[in-house]
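There are 2 protein chains.
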Amino acid sequence: MDYMAFTKMSYGVYVVTSWADGGRPTGCTANSAMQVTSEPATIAVRINHDNFTNECIKNSGMFALNILGENSKPLIIGTFGFRSGRDFDKFAEAPEVKSFLPVVDDCIAHITCKVIDTMESETHTVFLGEVTGAEVLKEDAPMTYAYYHNVIKGKSPKNAPTYIKE
Amino acid sequence: MDYMAFTKMSYGVYVVTSWADGGRPTGCTANSAMQVTSEPATIAVRINHDNFTNECIKNSGMFALNILGENSKPLIIGTFGFRSGRDFDKFAEAPEVKSFLPVVDDCIAHITCKVIDTMESETHTVFLGEVTGAEVLKEDAPMTYAYYHNVIKGKSPKNAPTYIKE
Numbered sequence: 001m002d003y004m005a006f007t008k009m010s011y012g013v014y015v016v017t018s019w020a021d022g023g024r025p026t027g028c029t030a031n032s033a034m035q036v037t038s039e040p041a042t043i044a045v046r047i048n049h050d051n052f053t054n055e056c057i058k059n060s061g062m063f064a065l066n067i068l069g070e071n072s073k074p075l076i077i078g079t080f081g082f083r084s085g086r087d088f089d090k091f092a093e094a095p096e097v098k099s100f101l102p103v104v105d106d107c108i109a110h111i112t113c114k115v116i117d118t119m120e121s122e123t124h125t126v127f128l129g130e131v132t133g134a135e136v137l138k139e140d141a142p143m144t145y146a147y148y149h150n151v152i153k154g155k156s157p158k159n160a161p162t163y164i165k166e
Numbered sequence: 001m002d003y004m005a006f007t008k009m010s011y012g013v014y015v016v017t018s019w020a021d022g023g024r025p026t027g028c029t030a031n032s033a034m035q036v037t038s039e040p041a042t043i044a045v046r047i048n049h050d051n052f053t054n055e056c057i058k059n060s061g062m063f064a065l066n067i068l069g070e071n072s073k074p075l076i077i078g079t080f081g082f083r084s085g086r087d088f089d090k091f092a093e094a095p096e097v098k099s100f101l102p103v104v105d106d107c108i109a110h111i112t113c114k115v116i117d118t119m120e121s122e123t124h125t126v127f128l129g130e131v132t133g134a135e136v137l138k139e140d141a142p143m144t145y146a147y148y149h150n151v152i153k154g155k156s157p158k159n160a161p162t163y164i165k166e
């Protein structure tokens, strides 16, 4: 089995946000999200069991998909991708919190969802969310995972299934 | 709700293949696939209920994800994306069939999977497959869905959730 085959799949770069207990917003980076149906609109995202955001989505039943653009601040990826929100307020360093769901301000679009189904695997949960809101914030090319690796020279967090040991 | 937000998600371009009854290979195009876990490696793909490939995957319990490159023949997308395999042998026009699972020859990599879980939605099934084989076939940039739209000027089949009425 050639694991390099997995690196040929194309992804975007996202921050998936949710509410922690007590109404504190939190989130983590993700590269995998896909629209599953158009009518009603649903979105699937995949989150590692070890990510604090996973339990926050399970508890709150909600998540938002924040779509980063090529010109979104790289700081966002560092803040949301390489620290845990369990004991750290990622939003304090970052963006505005909108009232309906925590969303990251410096993204090109966000889609808010109510969880309607989940699929479990050994290490990750796939959440299926029915879209409750969607907004385009700015015109910028969506950041692809390839762009993140090749242009920004970013790395994969260890919890990502696409992480490859160096 | 601004449906344009959905167009900001990044995807690749794939042909998902499987066995039809009687051992005939078939398949359809897809833009959504994601690795869910790395150990054991699993892949999720999303296929419309109306696609013949959906029932073939359910019946055979297997699928292969064929990853197209920027230089893969556009004919493949036409053959697999805009006709039904129900009464048409897509492989007759196209590629070699390998013995372990139908795979499209002119792709940059393929990943073969055994279905281990499914998640249903109104119009599409998300299949979770445990990887049984993975192979890189050639060096070429993976075709992104944006490249397909912007450079090849391709359209979305009507069964794709990303299809937008003109």
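Line by line, the protein sequences are chains A and B.
Going by the working numbering, 4 is the number at position 4 of the first sequence; the sequence numbering is gapless.
Going by the working numbering, 18 is the number at position 18 of the second sequence; the sequence numbering is gapless.
By construction, the Cβ of each residue, glycine as well, lies at the ideal position given by its N, Cα and C atoms.
Secondary structure at aspartate 117 of chain A: strand, using DSSP grouped into helix, strand and coil. When secondary structure is reduced to three states using DSSP, histidine 49 of chain B falls in the coil class, being assigned neither helix nor strand.
In this structure threonine 26 of chain B does not touch alanine 33 of chain B by the C-beta definition: roughly 17 Å separates them, more than the 8 Å allowed. Interface flag for proline 25 of chain B against chain A is unset, since no Cβ pair is found closer than 8 Å.
Just measuring C-alpha positions, the residue of A:Ala109, A:Leu75, A:Ser60, A:Asp140 sitting nearest glycine 22 of chain A is A:Ser60. Identification of chain A residues near methionine 62 of chain B by a Cβ-Cβ cut-off of 8 Å yields none; the smallest Cβ-Cβ distance measures about 16 Å. Following the DSSP letters along the chain, one finds asparagine 66 of chain A inside the beta strand (DSSP E) bounded by residues 62 to 67. The Cβ of glycine 12 of chain B sits closer than 8 Å to at least one Cβ of chain A. Around aspartate 117 of chain A, the beta-carbon contacts reaching into chain B at under 7 Å are Met119. Along the segment 14 to 44 of chain A, going in chain order, the ones with a CB nearer than 9 Å to a CB of chain B are Tyr14, Asn31, Ser32, Ala33, Met34, Gln35, Val36, Thr37, Ser38, Glu39, Pro40, Ala41, Thr42, Ile43, Ala44.
For the options A:Ala5, A:Thr53, A:Phe88, A:Tyr11, the alpha carbon positioned closest to that of tyrosine 147 of chain A is the one of A:Tyr11. For leucine 75 of chain A, the enclosing alpha helix (DSSP H) begins and ends at 74 to 81. At a beta-carbon threshold of 7 Å, none of the residues of chain B lie near proline 74 of chain A; the nearest stands roughly 17 Å away. Each of A:Glu130, A:Leu65, A:Val15 was checked against the Cα of threonine 79 of chain A, and the nearest Cα belongs to A:Val15. With a threshold of 16 other beta carbon atoms within 10 Å, valine 151 of chain A falls short and is exposed.
Counting along the chain, the unbroken alpha helix (DSSP H) around tyrosine 145 of chain A starts and ends at 145 to 150. The beta carbon of isoleucine 108 of chain A falls within 8 Å of a beta carbon belonging to chain B, placing the residue at that interface. Looking at the DSSP output, leucine 128 of chain B sits in a beta bridge with B:Ala44, B:Asp117.
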